[in-house]
Structure formats: structure tokens, C-alpha cells
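2 protein chains.
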Amino acid sequence: MALSAAAANEAMTSAGALDRLLDATRPGMDRVNAMILAKASSHVDLVPEVARYLIDAGGKRLRPMLTIAAAMLFGKANGSEVNFAAAVEFMHNATLLHDDVVDESDMRRGRAAARMKWGNQASVLVGDFLLGQAFMMMVDTGNVAALKVISQAATIIAEGEVLQLAKTRDLSASAADYDEVIGAKTATLFEAATEVGAMAGGADAAGREALRHYGRELGFAFQLVDDVLDYRGEADTLGKNTGDDLREGKMTLPMILALQEATPAEREIIVAALGNVDAGAAELRQVLAVFDRYDTLGRTIERAITHARRARESLKQLPPSEMKSLLGEVAEITVSRAY
Amino acid sequence: MALSAAAANEAMTSAGALDRLLDATRPGMDRVNAMILAKASSHVDLVPEVARYLIDAGGKRLRPMLTIAAAMLFGKANGSEVNFAAAVEFMHNATLLHDDVVDESDMRRGRAAARMKWGNQASVLVGDFLLGQAFMMMVDTGNVAALKVISQAATIIAEGEVLQLAKTRDLSASAADYDEVIGAKTATLFEAATEVGAMAGGADAAGREALRHYGRELGFAFQLVDDVLDYRGEADTLGKNTGDDLREGKMTLPMILALQEATPAEREIIVAALGNVDAGAAELRQVLAVFDRYDTLGRTIERAITHARRARESLKQLPPSEMKSLLGEVAEITVSRAY
Chain A
1 MALSAAAANE AMTSAGALDR LLDATRPGMD RVNAMILAKA SSHVDLVPEV ARYLIDAGGK
61 RLRPMLTIAA AMLFGKANGS EVNFAAAVEF MHNATLLHDD VVDESDMRRG RAAARMKWGN
121 QASVLVGDFL LGQAFMMMVD TGNVAALKVI SQAATIIAEG EVLQLAKTRD LSASAADYDE
181 VIGAKTATLF EAATEVGAMA GGADAAGREA LRHYGRELGF AFQLVDDVLD YRGEADTLGK
241 NTGDDLREGK MTLPMILALQ EATPAEREII VAALGNVDAG AAELRQVLAV FDRYDTLGRT
301 IERAITHARR ARESLKQLPP SEMKSLLGEV AEITVSRAY
Chain B
340 MALSAAAANE AMTSAGALDR LLDATRPGMD RVNAMILAKA SSHVDLVPEV ARYLIDAGGK
400 RLRPMLTIAA AMLFGKANGS EVNFAAAVEF MHNATLLHDD VVDESDMRRG RAAARMKWGN
460 QASVLVGDFL LGQAFMMMVD TGNVAALKVI SQAATIIAEG EVLQLAKTRD LSASAADYDE
520 VIGAKTATLF EAATEVGAMA GGADAAGREA LRHYGRELGF AFQLVDDVLD YRGEADTLGK
580 NTGDDLREGK MTLPMILALQ EATPAEREII VAALGNVDAG AAELRQVLAV FDRYDTLGRT
640 IERAITHARR ARESLKQLPP SEMKSLLGEV AEITVSRAY
């Protein structure tokens, strides 16, 4: 892994920022968590059973925390940020339930994926339920402008997922294709989370635009790191299996960069493993050897660092505050996951 | 089939009403159809490919037509009914895409189900796209009260689908369970379609309530008839295979009524076929013989007729108009499909 000392340093200084963000947003997040629990309930027993199985597994709740933080940044939060934050988390969980069906994943958040316990059917339908509840929570705010941001995001996320599906095992996929996919499927929800947070916090147009941009760049950084960890993380900290992207034939940046430079022999190694559901530790090791030769994981992290820096820079024109510094540091924390 | 002569007569007088409804709503439906086409487009090619495959197959577009008709009934339609109508149709189509994955259906609207051509993945994701677009079209109207009606409907529909899934092959399912399932999964969207139509048409509270009730009762009638046709229709006019509900283990009313009265021997015949994916014409014939013995299809139709009458009665207090008569007749047409 070729990382500049400066970059590594920068990542180290961010340690603890996530904990401080957790502390700073706790009152809001307590309300968000209560709303998440309340809105995951239903008189149809199977609904909360499946929904809570996923929700209780935790996850970082990074997106709703960003919504709350963005609202706090502008000092005029009116309470609607709680609805938006819970809605964003529900949209995210709906996407996870549907993604696991699409990807035929076995694991999620460190346990068996919901579809392994209740079948694909329940995952599809409970995902739909969560989407409906997300819209209900947003409609309850009466904020049509924010509703527009999030319903547009829902559409774009689905497009991104379809594009990713269409590019599965497409050896000619480019870095631009990859940017389009993750821009739509991941960065759009981060962007919406921080933008509606800013709106709920009473931001002016410039503030809203700054937070929109911040979320988008952070989302790119986050997904780039995720795609590195899929190859190099540990299953127990990752919450899913290493090498899933390889077996699913996903054209993530480390793979795209490797294919661009691979010799015919290396290309053959990759092609044999890519989209091969039976590819195990041996195949993964061989592919990683090619990745290492061209430092594609390191180059992917470098791109993540660039996006994280841009995220922090998006906040530049905002007045100094503790929350602003925290959000800047959090952008870098996102990347430090990869070290 | 034990139908009273009066009921049969009533059904006959309705002939042609659907054509007249088509004519009466044509200008609005032209705009709805244009919006449906426009909103099914995407720069991600696979999205319109899958969406249009389903949309072009047609279907009756009964729900959006009801939205337009409901708006016209009150004479003050402001154009937003076009958005609501298109949104309702998108929600319906999203449900169909997801249902086909859940039910593992082969056919839909007389052709191979989308999932047979593009896989379950595309059906799940394009369904999500259509849901997102549906919300976008509604948000564009800025009508928060109507948004509330439809987002609540989205949640209830998903709950109904989950309940139906939970009741699969449940031999103790009751008629009340069935009412709960179809009330949620089917009647809720009809109800929302006519209620938001009335709202867009400038209805007062009583008018809105009348149309809400009309749609709900019509939805019940529609689903009851659908569940009869699944056993007794012809695959070519039905657009799907006869006996699907039997093979999928769906606890529809004809089945529930039969199980309540079946002898142990008859029960054995049913249990062997229910949820058996290999149940063919012979098994279906045997089950139908039990249904005939207790007239469960006829009794299901009688319930549909009752709901259709209630639908018409819901409009009673509204001032007389050509559209009001048409909507009353359409309720009965829905049932006459079953003869």
C-alpha cells in the first residue's frame, strides 16, 4: 500500500472525531433512534421482525448523524431534522435489504443477511415498507423542498443500482463508469442527508449548497474506502465476507484500474475469478497479487483522500464552529477506516 | 355458479360503461400516458427497457383512470390529478415488478414476466426506480395532504403484501385474514387513487370521503373477482396462468371457504395441491371440484357484488352527473368480469 506519510498523518489526527460527533449529536440521535424504532413497528409481526433484525444489527447510523449535525451547524433546527434523519436511515436500510436480494449476499452487518432467514420475498417487501415509512416521516414535516431532494435521491439511487447491475462483469467498464455508479448509488444519499439537514437547520442557499457538496464528496470517499475494504478488510470487522465484490462481478475501481494495466496472463487470472461465485481464498489472493502489482487499492484510497479533502473544503466559507471542525475531521475519519 | 338472476341482470346493464369511462377521461388520460412515458425514461438504458416492457404490455390503467374521473367529478380539477394518476400507476407497476419476484411468477399481462427476461435484480431495482419517480411526480404538485394519502398507502400496501406472505399455505387463515390482506394490498391503492383524484378536483371533505369509500369498496370487489379468475379464467385473457394462487399457496377466499367445509378426504386433495409448484391441470381440476361442491367461487363473487354495490352507494349523496353514473356502473363492470 503506497500512502504518503502526510496522508497517513492526516488520518491519525482525526482519531476520536467520530466519538465527538456521536457526543455532539446525541440528543438529536436519541430522538432519531426512538423514531426509527417506532416507525419500524407494524401490526403485521413479520415486518418489525425483519426490519428490527437489520436495524438492531446497528451499522454506524452515519447518514442520520450527518443530517442532525448539518442541522445543528446552522443553529435554527426546528425538529424536522429528526424526521429527515430517520427517513434517510430507513431509505438506507431499504436499499440494504434490496441489495442483498440483488447481490444474493449471505452476510450483512456481521450476521446472516435477512434474506437468508426470511427469504428474498420478505426482504423485498419489508424494504418497500421502510421506503413508504421514510416518505411518511418526510411528508409529516410538510417541507416540500426537502421532500423533493429526497424523492429525487430515491430515483437516482435506484438508477445507480441498475447501472451497477448493467456493468456487472463488464471488462470495459471505465473509472468514469464507476464514478457514475457510486455517485448515484452512494453519494446521492449522503448528499441528500446533509442537504436536508442544512435545510431543516435554517441554512441559507449558500449554506445548503455547501452541505450538499460536503455530503456528496463524503459519499464518494466513503464508497471508495468500502470498495477497498471489500478486498482487504476482515470479515468480522467488515460485517460481510471479503471478496464479495469479486464473486459478484462488481466493477469497482481497484478492479477497473487493474484491468487497465494487467498483462494478458494477469487478465486471465482476474477474468477467471470475476463473477465466479466459487472464487475462494486462493483466487482472491491471486487477484490481490495483481492489484498489489499496480497498487490499485492504494490508488483507490488516494482518490478517497482527495474526495475527503474536497468535503472539508466545501465547508470553508462557513463561519468557524466546533461542529464545522468536527464535520471536517469526520470526512477524514471516513478514509482512515482503510488503514 | 349460484348467482341470482337480479345480480346477473345488473351486471349486464353495465356493459359498455368502461368504454364510456375511457371516452370521458380521454383528454386527462392522454396527459397521464404522456407523463408515464416521460417519467419511465432514464439515461441508464436498462431502466426504460424494463419499465416500458411492463408499461407497454398495457394493463387497463384502471387506477389512473379512476383518479382522473374522480377529479372530473368535482369540476375544479387543477391539473395535479395528472401527476397523481401517473404516480398511482407507477406505484401499481412497481408493486407488480416486486410481486413477480416475490411470487416467482413466469407471466404477467400476457407475456413473460420482466424477471424472466432481465432477472429478479432488475425487477427489484426498476420497481424502486418507479416508486421514486411516483413520489417525485406527487411532490411536484406541492399538495402535502395528497402526498400523505399516497405515502401512507405505500406503507399499507407493503404491510398487506407481507401479511399475505406470512399467511402463505396457512390452513387456518380466515375470511377476516383475507379481508385484511386484500384491504391492505389492493383496496388501499384504489382508495388512494380516487381520494387524491377528488382532492385534486376540489372536492369538499364529504366528497373526498365519498370517493375514498368508493375506491376502497371497488378495490375489494376488484380483488375478489381477480381471485376467482385465478381459478377460473383463461390464461390468454387473464394475462397469467390459471392456478397460480393454488401453486403459490395463496390463501384467497375461494380456498378459505372450501377448507372450512371440506371433508377430511377433500381437505387432503387441497393440501396436496396447495403451494405445490408442480400442481398441474389434474390437481387444479380436483381442487375446483371441491370448490364447486361448496360453491366457493360463486360465494366469492357474491361478496364482490356486495362491495360493488357499496361502492355505488358511496356516491349517493353527490349531485347527479354523467360521471357519477359512469363510476357507479364501472363498479359493477368490475364484477361482471367474473361471468
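As given, the protein sequences belong to chains A and B, one line each in that order.
Just so we're aligned, residue 1 is where the first sequence starts under our numbering, counting upward by one.
Just so we're aligned, residue 340 is where the second sequence starts under our numbering, counting upward by one.
For every residue, glycine included, the Cβ atom is placed at its ideal position computed from N, Cα and C.
Asked: Looking at C-alpha atoms only, which residue of R337/A, A331/A and G75/A is the closest neighbour of G233/A?; Found: R337/A
Asked: Kindly say whether A493/B, judged by its beta-carbon, lies nearer than 9 Å to any beta-carbon of chain A.; Found: yes
Asked: Using 8 Å for Cβ pairs, my map puts A210/A next to F84/A. What's the rounded Cβ distance?; Found: Incorrect: roughly 17 Å between the Cβ atoms, too far for contact.
Asked: Out of A38/A, P27/A and V102/A, which one is the CA nearest neighbour of F90/A?; Found: A38/A
Asked: Do Y517/B and T591/B have their CB atoms nearer than 9 Å?; Found: yes
Asked: Which two residues bound the contiguous alpha helix (DSSP H) that contains E443/B?; Found: Where E443/B is concerned, there is no enclosing alpha helix (DSSP H), given that its DSSP letter is neither H nor E.
Asked: Reducing DSSP to helix, strand and coil, say where A451/B ends up.; Found: strand
Asked: At 4 residues or longer, what runs of the alpha helix (DSSP H) sit wholly inside the stretch 539-600 of chain B?; Found: 544-571, 574-577, 583-587 and 592-600
Asked: Is the Cβ-Cβ distance between E329/A and A17/A less than 9 Å?; Found: yes
Asked: Keeping to the same chain, check which residues put their C-beta closer than 6 Å to that of G202/A; ignore five residues upstream and five downstream.; Found: F74 and K76
Asked: What residues in the stretch 97-119 of chain A bring their beta carbon closer than 7 Å to a beta carbon of chain B?; Found: H98, V101 and V102
Asked: Whole angstroms is fine: what's the gap from G197/A's alpha carbon to T67/A's?; Found: 4 Å
Asked: For H98/A versus S123/A, is the C-beta distance shorter than 9 Å?; Found: yes
Asked: I need the straight-line Cα distance from S14/A to E332/A, nearest angstrom please.; Found: Confidence at S14/A is low in this model, with a pLDDT of 48, below 50, so the placement of that residue should be treated as unreliable; the coordinate-derived value is given next. Computed Cα separation, rounded: 6 Å.
Asked: Which same chain residues end up closer than 8 Å to L54/A when comparing Cβ atoms and leaving out the 5 residues on each side of it in sequence?; Found: N93, L96, L97, R108, R109 and A114
Asked: Would you say F190/A faces chain B, with C-beta separation under 9 Å as the test?; Found: no
Asked: For A514/B, go through chain A and note every residue whose CB falls closer than 9 Å to its CB, in chain order.; Found: Going along chain A, no residue has its Cβ under 9 Å from A514/B, so there is no contact; the nearest lies around 18 Å.
Asked: Using only the alpha-carbon positions, how far apart do E161/A and A544/B sit?; Found: 42 Å
Asked: Let me confirm a value: T334/A is counted as buried when at least 16 other C-beta atoms fall within 10 Å, else exposed. Which label applies?; Found: buried
Asked: Please list, in chain order, the residues of the stretch 131-163 of chain A that have any C-beta partner in chain B closer than 7 Å.; Found: L131, G132, Q133, F135, M136, V139, G142, V144, L147, K148, S151, Q152, A154, T155, A158, E159, E161, V162 and L163
Asked: Do you know how far the Cα of S105/A is from the Cα of E268/A?; Found: 25 Å
Asked: Can you say whether L361/B is buried or exposed, counting buried as having 16 or more other CB atoms within 10 angstroms of its CB?; Found: exposed
Asked: Would the C-beta of I521/B count as close to the ligand GDP, meaning under 8 Å from any of its heavy atoms?; Found: The model on display carries no ligand, and the ligand GDP is accordingly not part of it.
Asked: Output yes or no for whether 9 Å exceeds the beta carbon distance between G458/B and I157/A.; Found: no
Asked: Where does Q460/B land, buried or exposed, given buried means 16+ other C-beta within 10 angstroms?; Found: buried
Asked: Could you name the residues of the stretch 45-59 of chain A whose beta carbon sits closer than 9 Å to any beta carbon of chain B, in the order they occur along the chain?; Found: D45, L46, V47 and V50
Asked: Given D442/B, which residues of its chain have a CB within under 6 Å of its CB, disregarding the five upstream and five downstream residues?; Found: E587
Asked: Give the straight-line distance between the Cα atoms of V50/A and V126/A, rounded to the nearest whole angstrom.; Found: 7 Å
Asked: Check whether chain B comes within 9 Å of S14/A, counting only Cβ atoms and requiring the distance to be less than that.; Found: With a pLDDT of only 48 at S14/A, under 50, the local geometry of the prediction cannot be trusted, and the value read off the model is given with reservation. Taking Cβ atoms only, chain B never reaches closer than 9 Å to S14/A, which makes this a no.
Asked: Can you tell which of Q152/A, V149/A, A184/A and A153/A has its C-alpha closest to the C-alpha of L165/A?; Found: A184/A
Asked: Relative to the C-alpha of R216/A, which candidate in S172/A, E191/A, R169/A and V228/A has its C-alpha closest?; Found: E191/A
Asked: Note down, in chain order, every chain B residue with its Cβ under 8 Å from the Cβ of F129/A.; Found: T494, A497, E498 and V501
Asked: Identify, in the order they occur along the chain, each residue of the same chain with its Cβ nearer than 7 Å to the Cβ of D170/A, setting aside the five sequence neighbours on each side.; Found: M251
Asked: If I follow the unbroken alpha helix (DSSP H) through L654/B, where does it start and stop?; Found: Run containing L654/B: none; DSSP gives neither H nor E here.
Asked: Leaving out five residues before and five after V440/B in sequence, what residues of the same chain have Cβ atoms less than 7 Å from its Cβ?; Found: R454, N459, S462 and V463
Asked: With a threshold of 9 Å between beta-carbons, can L126/A be considered close to chain B, or not?; Found: The question names Leu, but residue 126/A is Val in the sequence shown. Cβ-Cβ to chain B under 9 Å: yes for V126/A.
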